[in-house]
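Asker:
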Amino acid sequence: MYYCGRALLRLLSKRLFQGSTVSLSKEQVQHIATLARLRLADDEMSDVVGKLSRIVEFVDQLKAAPTKDVAPMAHPLDQTQRLRPDRVTETNDREHIQQNAPAVQGGLYLVPKVIE
Amino acid sequence: MSGAGGTIHARTLTGLAQGLTNGEFSSRELTEALLARIDAHHEVLNSFISITAEEALAAADAADKARANGNAGLLNGLPIIHKDIFCTRGVRTTCGSRMLDNFVSPYDATVVERMAAAGAVMLGKTNMDEFAMGSSNETSYFGPVRNPWDLSRSPGGSSGGSAAAVAARLAPAATGTDTGGSIRQPAALTGTVGLKPTYGRVSRHGMIAFASSLDQAGVITRSAADAALLLGVMAGFDERDSTCVDQPVPDYTAALDQPIKGLCVGIVRQHFDAGLDEGNAVQVRAALKALEEQGAVLREIDLPNLDLSVPTYYVVAPAECSSNMSRFDGVRFGYRAEGATDLMDLYCRSRGEGFGAEVKRRIMTGTYVLSAGYYDAYYLKAQKVRQLISDDFKKAFADVDVIAGPTSPTPAFALGDKTDDPVTMYLNDIYTIGANLAGLPAMSLPCGFVNSLPVGLHLVAAPFAEARLLNVGARYQAETDWHQRAPEGWS
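Heads up: the protein sequence lines correspond to chains A and B, in order. Just so you know, we're using the numbering used here here: the first sequence kicks off at 2 and counts up by one. Just so you know, we're using the numbering used here here: the second sequence kicks off at 2 and counts up by one.
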């Protein structure tokens, strides 16, 4: 089964290895993590750089696909967004909902100080 | 126990419905029997995150009362387990993540609500890959699920807990969700039936979002007839899900026994290329032969962009994931890191500590492909290729009624076998992802064994043709008994 998985990998990656490979730097990954609001532990970093590079290399094979004059797909079923009357339908459930919040006071969510 | 002891757990949902209707046992007796079985065996499999015994017994009593009063619903008194991605009012919903370890939803998902309204009895909530991101159930914060066919192997994922529990006869049926194969692949790897309906057929209100243009709710059962029964209850318009389609729900059970003579079955040549395990290929070909013997006509077809479906998916799904996961900020609900110095630090640490490795990888992949300078090259490009893939299916369904092939490249793989390289894991979904990209209904049926491990037959149909899939499934199961086999020690 191990070999079978490898065979599949080779088959599907054939376009990929024809082109140049992309590799992400530690700085790039750190930038992505900051954009995504994720703090990575020091011991996570090298694993993330390696695996993320691998994923980006893999999806890079899309670049070779001929898509001239193809419109990007917007919805699987060509549906359009439905409209509804602009009416209040929900009741105020704040107390119940805020039972899940880590810190609240007087109906407000508490966060570390934002303004000096 | 009067009538409810012995092998009651071996019955299908349809069989249990008959037993309840005929008064062979009450819902309380049935519920007690299954709770006892779950209690005795679930730890070996790690298939449950929560067991809701108290709520189940109350619901069973209510169902028995409703039946006595002549108010039995379609699922009256029947047991169901829900993937822990569906919000349940008053019962915690973790989505397999540390992030939601303490989350108790203020409302029920529409799927949960509809099943409960029809009289179903929820026994518990099942383990899953974290936020449904995985194909082996190994990304769960609550630990991997084991496959009852071989405890050293994965049941697949992300609906692995649902599939393992149904295969082990801990429950007759479970809900699942499918973004790239998360119902069908675990169904194939555990010898169960997995149905992913058309995009928009079932409401996703209260189903925690992963990739919103792909996600769909469905079921894992032990027969096509059981899947038909459940889909009839779940499907239909819901104004609380803006992607839910307003189209009448047919009677899925009515068409089950129709002969399939003349049914045109498309066979994709590339499905049997080098990537497919030889043993799986033999079993799938035998299943196609069985359909042919019932009068189906096999026709070879081509899906030329098939080999681009996995890379397309791994741009589109992470992009949507990165957007959906931005709601977890450590402020309004979910995990909050301690000792944050400022708001930015609170966000980054809560998310860094609350999410597991695979979820973080997908968020970052998505963030990368959507970021300035890369959007056109990756995201826009993927959406164009997705259109090509969808067009391939559209063309195919002009000529054939269903497309049939393997559900997964291999039988169940060993736990830990594919965790080193994310791409190897992603390629597990090569045969299933196309249906998600194109929004099509699809189903996996047990169709044989390789080295005592189950193999799945995959069927895909045109939008809203679930009745056709279920019909083919029921006809196949009328002539085969693969779906009735139980793993050793679990019969």
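The beta carbon of each residue, even a glycine, is placed where N, CA and C say it ideally should be. What you are looking at is a predicted structure, and each value in this text was computed from that prediction instead of being measured.
B/Ile86: buried (16+ other C-beta within 10 angstroms of its C-beta) or exposed?
Answerer: B/Ile86 should be labelled buried.
Asker: Under 8 Å by Cβ, that's how I've got A/Arg59 and B/Pro198 pegged, so tell me the actual separation to the nearest angstrom.
Answerer: What sits at residue 59 of chain A in the sequence shown is Phe, not Arg. The pair is not a contact, with the Cβ atoms about 29 Å apart (cut-off 8 Å).
Asker: Using a Cβ-Cβ distance under 8 Å, would A/Tyr93 count as near chain B?
Answerer: Rather than Tyr, the amino acid found at residue 93 of chain A in this sequence is Asn. Taking Cβ atoms only, chain B never reaches closer than 8 Å to A/Asn93, which makes this a no.
Asker: CB-CB under 6 Å to B/Ile431, same chain, minus the five flanking residues each way: which ones, in chain order?
Answerer: Excluding positions up to five away in sequence, the list reads Val311.
Asker: Do the CB positions of B/Met116 and B/Val234 come within less than 8 Å of each other?
Answerer: Yes; because the gap between Cβ atoms is below 8 Å, this pair is in contact.
Asker: Answer yes or no: do B/Val194 and B/Arg223 have a C-beta to C-beta separation smaller than 8 Å?
Answerer: Yes; because the gap between Cβ atoms is below 8 Å, this pair is in contact.
Asker: Going along the chain, which residues of the stretch 34–64 of chain A sit with their C-beta nearer than 9 Å to a C-beta in chain B?
Answerer: Listed by position, the residues of the stretch 34–64 of chain A near chain B (Cβ gap below 9 Å) are Ala34, Thr35, Leu36, Ala37, Arg38, Leu39, Arg40, Leu41, Ala42, Glu45, Asp48, Val49, Lys52, Leu53, Arg55, Ile56, Val57, Glu58, Phe59, Val60, Asp61, Gln62, Leu63, Lys64.
Asker: Go through its chain and collect everything with a Cβ distance to A/Leu10's Cβ below 8 Å, but skip five positions before and after it.
Answerer: With a pLDDT of 46 at A/Leu10, under the threshold of 50, the predicted position of this residue should be treated as unreliable, though the coordinate-derived value follows. No residues qualify anywhere along the chain.
Asker: Can you have a look at A/His76 and say buried or exposed, based on whether 16 or more other CB atoms are within 10 angstroms of its CB?
Answerer: With fewer than 16 Cβ atoms within 10 Å of its Cβ, A/His76 is classed as exposed.
Asker: Could you spell out where the alpha helix (DSSP H) holding B/Lys197 opens and where it closes?
Answerer: It is not in any alpha helix (DSSP H) - B/Lys197 instead sits in the beta strand (DSSP E) that spans 194–197.
Asker: Assuming B/Cys265 and B/Asp62 are in contact, meaning their beta carbons sit under 8 Å apart, how far apart are those beta carbons, in whole angstroms?
Answerer: The Cβ separation is near 49 Å, so there is no contact.
Asker: Just the chain B side, please: which residues come within less than 7 Å of A/Arg83 by C-beta, in chain order?
Answerer: In chain order: Ser243.
Asker: Below 8 Å on C-beta distance, what does B/Tyr365 contact in chain A?
Answerer: Sequence inspection shows Met at residue 365 of chain B; the Tyr mentioned does not correspond to that position. Per Cβ cutoff of 8 Å: Val30, Ile33, Ala34, Ala37, Leu39, Val49, Leu53.
Asker: Just verifying my parser: in three-state terms, what is the DSSP assignment at A/His76?
Answerer: It is coil, neither helix nor strand.
Asker: Within 8 Å (strictly less), CB to CB, does A/Val89 reach chain B?
Answerer: No, no contact with chain B.
Asker: If we cut at 8 Å on Cβ distances, does A/Pro77 have a partner in chain B?
Answerer: Closer than 8 Å to some Cβ of chain B, the Cβ of A/Pro77 qualifies, so yes.
Asker: Quick one: any contact between the stretch 89–106 of chain A and the stretch 414–429 of chain B, if contact means 3 or more CB pairs under 8 Å?
Answerer: Verdict: no, contact absent.
Asker: If I measure Cβ to Cβ from B/Asn306 and keep anything under 7 Å in the same chain, skipping five residues before and after, which residues do I get?
Answerer: Hits under 7 Å: Val386, Leu389, Ile390, Asp393.
Asker: Write down the C-beta distance between B/Phe211 and B/Asn325 rounded to the nearest angstrom, noting that I regard them as a contact closer than 8 Å.
Answerer: Indeed they touch by this definition, with Cβ atoms about 6 Å apart.
Asker: Could you give the residue range of the alpha helix (DSSP H) that holds B/Gly490?
Answerer: Segment: none, B/Gly490 is in no alpha helix (DSSP H) and carries neither H nor E.
Asker: Going by Cα to Cα distance, which pick from B/Leu381, B/Ser453, B/Glu354 is closest to A/Met74?
Answerer: Checked all of B/Leu381, B/Ser453, B/Glu354; the closest Cα to A/Met74 is B/Leu381.
Asker: Is there a C-beta anywhere in chain B that falls below 8 Å from the one on A/Ile116?
Answerer: Output row for A/Ile116: interface = no.
Asker: Relative to the alpha-carbon of B/Gly161, which residue among B/Asp151, B/Pro145, B/Arg170, B/Trp150 has its alpha-carbon at the smallest distance?
Answerer: The candidate whose alpha carbon is nearest that of B/Gly161 is B/Pro145.
Asker: Compute the beta-carbon to beta-carbon distance between B/Thr111 and B/Gly219, rounded to the nearest angstrom, for a pair I have assumed lies under 8 Å.
Answerer: That belief does not hold up - the Cβ atoms of B/Thr111 and B/Gly219 are roughly 14 Å apart, past 8 Å.
Asker: I need the straight-line Cα distance from B/Leu292 to B/Ser445, nearest angstrom please.
Answerer: Roughly 15 Å between the two C-alpha positions.
Asker: Please report the distance separating the alpha-carbon of B/Pro260 from that of B/Ser327.
Answerer: Using only the alpha carbons, I get a separation of about 49 Å.
Asker: For the stretch 333–352 of chain B, enumerate the residues whose C-beta is nearer than 9 Å to any C-beta of chain A, in chain order.
Answerer: Hits within the stretch, in order: Arg333, Phe334, Gly335, Tyr336, Arg337, Ala338, Ala341, Thr342, Asp343, Leu344, Met345, Asp346, Leu347, Tyr348, Cys349, Arg350, Ser351, Arg352.
Asker: If you drop the 5 nearest sequence neighbours on each side, which residues of the same chain put their C-beta closer than 6 Å to that of B/Val298?
Answerer: So the qualifying residues of the chain are Cys265.
Asker: So B/Ile81 packs on B/Ser163, CB below 8 Å; how close in whole Å?
Answerer: About 10 Å; that fails the 8 Å criterion.
Asker: For A/Gln80, which residues in chain B fall below 8 Å Cβ to Cβ?
Answerer: Going along chain B in sequence order, the residues near A/Gln80 (Cβ under 8 Å) are Gly201, Thr244, Val246.
Asker: In three-state DSSP terms, what is B/Ser445?
Answerer: Correct three-state label for B/Ser445: strand.
Asker: Distance check for B/Glu354 and B/Leu14, CA to CA, integer angstroms please.
Answerer: Cα-Cα distance, rounded: 41 Å.
Asker: Do the stretch 364–380 of chain B and the stretch 30–45 of chain A touch if we need at least three Cβ pairs shorter than 8 Å?
Answerer: As far as the Cβ criterion goes, the stretch 364–380 of chain B touches the stretch 30–45 of chain A, which means the pair count is three or higher.
Asker: What is the DSSP secondary structure of B/Lys126, reduced to helix, strand or coil?
Answerer: The answer is strand: DSSP assigns B/Lys126 an E or B state.
Asker: With 16 as the cutoff for other CB atoms within 10 Å, does B/His43 come out buried or exposed?
Answerer: Looking at its Cβ environment, which holds 16 or more other Cβ atoms inside 10 Å, B/His43 is buried.
Asker: With a 10 Å radius around its C-beta and 16 neighbouring C-beta atoms as the bar for buried, classify B/Gly435 as buried or exposed.
Answerer: By the neighbour-count rule (16 or more Cβ atoms within 10 Å), B/Gly435 is buried.
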